[in-house]
Every structure is written in structure tokens, then in C-alpha cells.
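If you're matching them up, the sequences are chains Y and B in order.
Quick note on the working numbering: the first sequence kicks off at 1 and runs consecutively.
Quick note on the working numbering: the second sequence kicks off at 283 and runs consecutively.
There are 2 protein chains.
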Amino acid sequence: MDYTSFQEKLKTRWEDGYIISVGLDPVVSKIPDTLKREHSSVFDLIRVFDRAIIDATADVVCAFKPNSAFYEAEGIEGLKALKATVDYVHKVYPNIPVILDAKRGDIGSTSEAYARSVFDELGADAVTVQPYLGQTAIQPFLDRKDKGIFILARTSNEGAGEFQDMLVGNSNQPLYLHVANQVANTWNKNQNCGLVVGATVPDELKAVRDIVGDMPLLIPGVGVQGGDTARVIEVSALPHGGIILNSSRGVIYASPEANFAEAARSSLVALNNIASATRVKK
Amino acid sequence: MDYTSFQEKLKTRWEDGYIISVGLDPVVSKIPDTLKREHSSVFDLIRVFDRAIIDATADVVCAFKPNSAFYEAEGIEGLKALKATVDYVHKVYPNIPVILDAKRGDIGSTSEAYARSVFDELGADAVTVQPYLGQTAIQPFLDRKDKGIFILARTSNEGAGEFQDMLVGNSNQPLYLHVANQVANTWNKNQNCGLVVGATVPDELKAVRDIVGDMPLLIPGVGVQGGDTARVIEVSALPHGGIILNSSRGVIYASPEANFAEAARSSLVALNNIASATRVKK
Numbered sequence: 001m002d003y004t005s006f007q008e009k010l011k012t013r014w015e016d017g018y019i020i021s022v023g024l025d026p027v028v029s030k031i032p033d034t035l036k037r038e039h040s041s042v043f044d045l046i047r048v049f050d051r052a053i054i055d056a057t058a059d060v061v062c063a064f065k066p067n068s069a070f071y072e073a074e075g076i077e078g079l080k081a082l083k084a085t086v087d088y089v090h091k092v093y094p095n096i097p098v099i100l101d102a103k104r105g106d107i108g109s110t111s112e113a114y115a116r117s118v119f120d121e122l123g124a125d126a127v128t129v130q131p132y133l134g135q136t137a138i139q140p141f142l143d144r145k146d147k148g149i150f151i152l153a154r155t156s157n158e159g160a161g162e163f164q165d166m167l168v169g170n171s172n173q174p175l176y177l178h179v180a181n182q183v184a185n186t187w188n189k190n191q192n193c194g195l196v197v198g199a200t201v202p203d204e205l206k207a208v209r210d211i212v213g214d215m216p217l218l219i220p221g222v223g224v225q226g227g228d229t230a231r232v233i234e235v236s237a238l239p240h241g242g243i244i245l246n247s248s249r250g251v252i253y254a255s256p257e258a259n260f261a262e263a264a265r266s267s268l269v270a271l272n273n274i275a276s277a278t279r280v281k282k
Numbered sequence: 283m284d285y286t287s288f289q290e291k292l293k294t295r296w297e298d299g300y301i302i303s304v305g306l307d308p309v310v311s312k313i314p315d316t317l318k319r320e321h322s323s324v325f326d327l328i329r330v331f332d333r334a335i336i337d338a339t340a341d342v343v344c345a346f347k348p349n350s351a352f353y354e355a356e357g358i359e360g361l362k363a364l365k366a367t368v369d370y371v372h373k374v375y376p377n378i379p380v381i382l383d384a385k386r387g388d389i390g391s392t393s394e395a396y397a398r399s400v401f402d403e404l405g406a407d408a409v410t411v412q413p414y415l416g417q418t419a420i421q422p423f424l425d426r427k428d429k430g431i432f433i434l435a436r437t438s439n440e441g442a443g444e445f446q447d448m449l450v451g452n453s454n455q456p457l458y459l460h461v462a463n464q465v466a467n468t469w470n471k472n473q474n475c476g477l478v479v480g481a482t483v484p485d486e487l488k489a490v491r492d493i494v495g496d497m498p499l500l501i502p503g504v505g506v507q508g509g510d511t512a513r514v515i516e517v518s519a520l521p522h523g524g525i526i527l528n529s530s531r532g533v534i535y536a537s538p539e540a541n542f543a544e545a546a547r548s549s550l551v552a553l554n555n556i557a558s559a560t561r562v563k564k
């Protein structure tokens, strides 16, 4: 397998017109019965479910974003499935980036171990990380020039503002914008940083975009979490792409029946159509 | 195995006079050659190393704190070893709490999956979590009444102050103290919260203690990270205990030779002696 950096993979997907990523959040109770009748082990069940979603969407997706939590919740079997899923994407769709949504963050020596886990053991192209410990803690991630490091700025959950919206320092700027500022102006020496900004409040997304120039934004919360897709794209997308708009449950659980993979593709295509129409208009 | 809550286990260890925890940060390159000659698989090597440290220190320890990153860095083999280590403590030393240092944090539905992973799959008694997403995101952890939830307040790394020391809101209070305030006054309805506060700056530790009453503090950074143990205990310990002072590398890598387990015990006993002397004086 030729080695291609996250940045190159992402650029190519954007050039081909794709800005929507599919979040892989496998939950055994939600996986269609049709697969459960054929696969009894959790490892097989998740692996086969992921593979069906990937095969059905790979040609029209920007990236795949497996969320580590849902694999970890199934113990060793789940983690083996995660590895199998990442390996599968790299082998069969080597042009599609894999963003591991893991929200890791610890002091330097421990971050080094997490970076090894995510990039070397698992083989992800990019990862999400926590800002709270500051740049020095995250440096082992930032040192990986060919990988993408998406730092949480404004998350999409209710109650996200408890700390993120607090005005900090003398700037009268909320914490999430200060994080965006620091990442854009100080952390991004290797041009491998991005920010995670929820889709739920487009005005916040716009405020982040205004600060960070053309830095990639990973935007969860489209679909189930209720973001207005067109409005989100209007305020955050750039002519060359600039965003990875993620939908998880709205795509992968679009149907509980045997047609789940086709339904996933249809949901993704519908989002792609909104994206294309919005970007043409813009 | 009788089920005992984290709070009960911790209370008993404190009553017996133990406030020092041993951090399990297994790094293959640092594990003594004597074990490597006997065990060729990473799974066996880490499992046997952990077991030797645990057996040598269990009677004089407050808690064991495996750090998930170092197991994750070894892939599936490492994660199997983590599970074996947690199981071993529960089986052989059921009175010793296991705190998984994982620094997890995500939106609610994903935190629910992480809580399942940490508590139900792995069986940890307590976990460390990130504050950045706010209380609502961490609620699935907080709902676990019998578990311990240690929220990061002030970390021990150089550069931790980048965000944690920023003055927030109208209170002229640094972010880490505001986090401490929120946790003590709002998050702790189930009396299962604690805070992570680094040992490196005792004045910060004292400021947190002054805010949070008798909330348990998990204090990393003794030993290798350079905290002054006696001073740290003076400003943070309470008559009944109140703190879990963690040492990782200074204990588990006290010797690279065949006597590593005895050396680990000696290091821990030396810390216990400082703790006893300091608390008697106080």
C-alpha cells in the first residue's frame, strides 16, 4: 500500500466534491436483525456491519469517522472489529481518510503512547483530541506531520457552553474561540491541525471560521443532532472544501431492515445533494 | 466476588493509613530483561510485570491506577493485558480500588458507551474524565453512584496553564478553580466525584482543597514529575485521608534488574513513610 498523508487524501476527496463523512458508531442493539441471524460473535457482527456501510458509501464519502467509544464498549471483540474496519478501508479504499474519533488528551509522555496507539497500532489517518491540557501535552500528536489532529473547540452537546462559552482573559472572547485562536496561531506549525465545531449553532461555526482562515473544520451534529445542513455549509465551507461534515446515526441507522446499506447510501446522497446545491448557490 | 463500591474501598484504605497509589504505565522497553527472557508475547510480558508489581505492593497501597494509553499503545495484546490486570486485582486483592486513568470525555450518548467500556467491560472502580464538554456530557459517568469519577482540574504538565490558568467570567478565577467549583457545587449530587490536581504546584492544590471541602483529590506527579511529597500532603490531605497521591514510574521502574518488584515496594514504602511522618506532624 502506497503511503498517502491525511492532507493529500482529504484534498483529493474535496476536489472530487465530497465534504460529508460517515460516522461509524456501531451499537449492537441497533444493528439490523438480518445481520444478527448470520453472525453470532460481536466481532463478526460489527465488522460485517461496518463493511456493508463502507462498501455502500465509499465512492460518495469524504471520510469515515469510527468513534472509538462504541468499539471499546464491546471490549476486546469490539476493539478487534475497530482494527479490522480501519484495515479494510485502507486496503479496499486507500484514497478515503479514516478519522478516529477518540477525544484523547493527556500529558506529554502519555499522549505519546496514545499517538502510537491511534496512528501506529490502529493506523488512523487523523484523530480528535482534547484541548484542556494545552499544546505541550498534545505535542506528540502535533509532531505527526502526515496525520490530521482535530482539536475540540465547540462541541455540539446541550450544556457544551458550561466552560466553552465562558469569557476568558482580557479579550472578552469565549473559551472556544480562544482555543481556535491558539490552535490557528500557535499549534499549527505543521499545518496538520483542524478543529471540531458542532453544527448545532451556525453562528458559532461562523465565528470560528472567521478566526482560523482555511483550517479544516470537522463538524459533527448533522442529522440526528439537529444541525441545519445548508446553513452550516453556508457559514463554514470554502471553495476548495474546508469542512468535513459528519453524520453518524442518520446514515448508518437509516433503516433497521435488510436494506440498511442502501438506505445509508441514500441518506448520504441526500446530504451530498444539499451540500452541492448550497455550494453552487454560494 | 462481593461487590463493594469505590467509595467503600477507598475509605477502608484510608482508614488503614494508605494514601499513595501506584500508577501502572507498562512500557515494553522499560520492563526488566529478566521478564523478557521468560515471556515472549507482549500480553504475557505486561500481564506478568503488572502482577509482580501488584503482588509486591498490594498490602501497602491505596489504589492501583493503570493508565489506558500504555496498554492501548500495544494494540489488542496490550488491551488484553489491561483486562487481565484489572481482573487480577479484583480477584486477589478485592479491597484495593482500581482507577482507570483514561481521561475520556465526549457528548452524552458517546460518554454512555465509554462508561460501559470502563465500568462494565473492564470493571474499573473509578475513572479520570475531561471537563471541557461540561456536566451534561459527563452525566453517564456521574450516574454511576458506586464508581469514582475524577475530573481533570489542574494537570501537572508544563504548559498546563495555557487554558487552565486563564481568568474566566466575572469572578477573576482561573479556569481550573472554576472547574473545581462547578464539580463541587453542581456535578457531585451522587457524592462520587473527585478532582485530578497535579502535585507540581502545591499552592494550586491548596486553592483547590479550599474550594472543594473533603472531596477526594487524585494527585499525580509525585516522584518523576518532581512534586515535593511532604509539602503536597501538608496542603491537601485531611485527617481521614482525602487524597490519592500517585507515583508511577518512580515506583514501577525503581530498578531495571531482577529485583524490580522489591525495589518498587521499597519506593512505595519510602513514600508511605514520608506520608505518615507528614500527617503525624500535621
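Cβ atoms here follow ideal geometry from the backbone N, Cα and C, with glycine treated the same way.
query, result
"Excluding five sequence neighbours on each side, which residues of the same chain lie with their C-beta closer than 6 Å to the C-beta of Y176 (chain Y)?", "A153, R154, Q164"
"Anything in the region 127 to 143 of chain Y with a Cβ closer than 7 Å to a Cβ of chain B? List those residues in chain order, please.", "Q130, P131, Y132, L133, G134, Q135, T136, A137"
"Residues in the region 47 to 67 of chain Y with C-beta within 8 Å of chain B's C-beta atoms, listed in sequence order?", "N67"
"Please report the distance separating the alpha-carbon of T392 (chain B) from that of A69 (chain Y).", "6 Å"
"Figure out for me which residue from Y:L245, Y:E262, Y:S255 has the closest Cα to the Cα of V22 (chain Y).", "Y:L245"
"Buried or exposed, going by whether 16 or more other CB atoms sit within 10 Å of the CB of A559 (chain B)?", "exposed"
"In three-state DSSP terms, what is A69 (chain Y)?", "helix"
"So the candidates are Y:E262, Y:V222, Y:G250, Y:E257; which of them puts its Cα closest to the Cα of I243 (chain Y)?", "Y:V222"
"Could you check the C-alpha separation between M283 (chain B) and K362 (chain B) for me, to the nearest Å?", "Legend: pLDDT at M283 (chain B) = 47, less than 50; position of this residue unreliable, value from coordinates given subsequently. Rounded to the nearest angstrom, the two C-alpha atoms are 21 Å apart."
"Beta-carbon separation of L45 (chain Y) and P66 (chain Y) under 8 Å?", "no"
"Kindly list the residues whose CB is nearer than 6 Å to the CB of A115 (chain Y), restricted to its own chain and excluding five residues on each side of it in sequence; keep chain order.", "P140, F141"
"Roughly how many whole angstroms lie between the Cα atoms of G299 (chain B) and D341 (chain B)?", "11 Å"
"What runs of the alpha helix (DSSP H), each 4 residues or longer, lie entirely inside the region 77 to 164 of chain Y?", "108 to 115, 135 to 142, 161 to 164"
"Indicate whether at least one CB of chain B lies closer than 8 Å to the CB of S117 (chain Y).", "yes"
"Considering N272 (chain Y), what are the terminal residues of the alpha helix (DSSP H) in which it resides?", "260 to 281"
"Whole angstroms are fine: how far does the CA of E38 (chain Y) sit from the CA of P94 (chain Y)?", "28 Å"
"Pick out whichever of Y:I54, Y:R13, Y:W14, Y:Y71 has its Cα sitting closest to the Cα of V28 (chain Y).", "Y:Y71"
"Using only alpha-carbon positions, find the residue among Y:A207, Y:L195, Y:G198 that is nearest to Q173 (chain Y).", "Y:A207"
"Which chain B residues sit within Cβ distance under 9 Å of Q182 (chain Y)?", "E444, F445"
"Can you give me, in chain order, the residues of the region 530 to 543 of chain B that have a beta carbon less than 8 Å from any beta carbon in chain Y?", "none"
"Measuring only the C-alpha atoms, how far is G105 (chain Y) from V380 (chain B)?", "20 Å"
"Around the Cβ of Q191 (chain Y), are there at least 16 other Cβ atoms within 10 angstroms (buried) or fewer (exposed)?", "exposed"
"What separation, rounded to the nearest whole angstrom, lies between the Cα atoms of D307 (chain B) and C193 (chain Y)?", "28 Å"
"Name the chain Y residues that come within less than 8 Å of N439 (chain B), Cβ to Cβ?", "I107, G108, L133, G134, T136, A137"
"Could you give the distance in angstroms between the alpha-carbon of S399 (chain B) and the alpha-carbon of A552 (chain B)?", "35 Å"
"In terms of residue numbering, what span does the beta strand (DSSP E) encompassing G250 (chain Y) cover?", "Looking at the DSSP string, G250 (chain Y) is not in any beta strand (DSSP E); the run it does join, the alpha helix (DSSP H), is 249 to 252."
"Taking 8 Å as the cut-off, decide whether the C-beta atoms of V212 (chain Y) and L195 (chain Y) are in contact.", "yes"
"Where does P538 (chain B) sit, in a helix, a strand or coil, going by DSSP?", "coil"
"Interface residues of chain B around F70 (chain Y) at Cβ under 8 Å?", "T392, A395"
"What is the DSSP secondary structure of G305 (chain B), reduced to helix, strand or coil?", "strand"
"Per DSSP, P456 (chain B) is paired with what?", "B:L449"
"Could you tell me which of Y:A263, Y:Q130, Y:W187, Y:S236 sits nearest to E204 (chain Y), measuring between CA atoms?", "Y:S236"
"Strictly by DSSP, which residues pair up with G198 (chain Y)?", "Paired residue(s): none; G198 (chain Y) is not in a bridge."
"Against chain B, with Cβ distances strictly below 8 Å, would E121 (chain Y) count as a contact?", "yes"
"How is I31 (chain Y) classed by DSSP in three states: helix, strand or coil?", "coil"
"Could you give the DSSP three-state label for V222 (chain Y): helix, strand or coil?", "strand"
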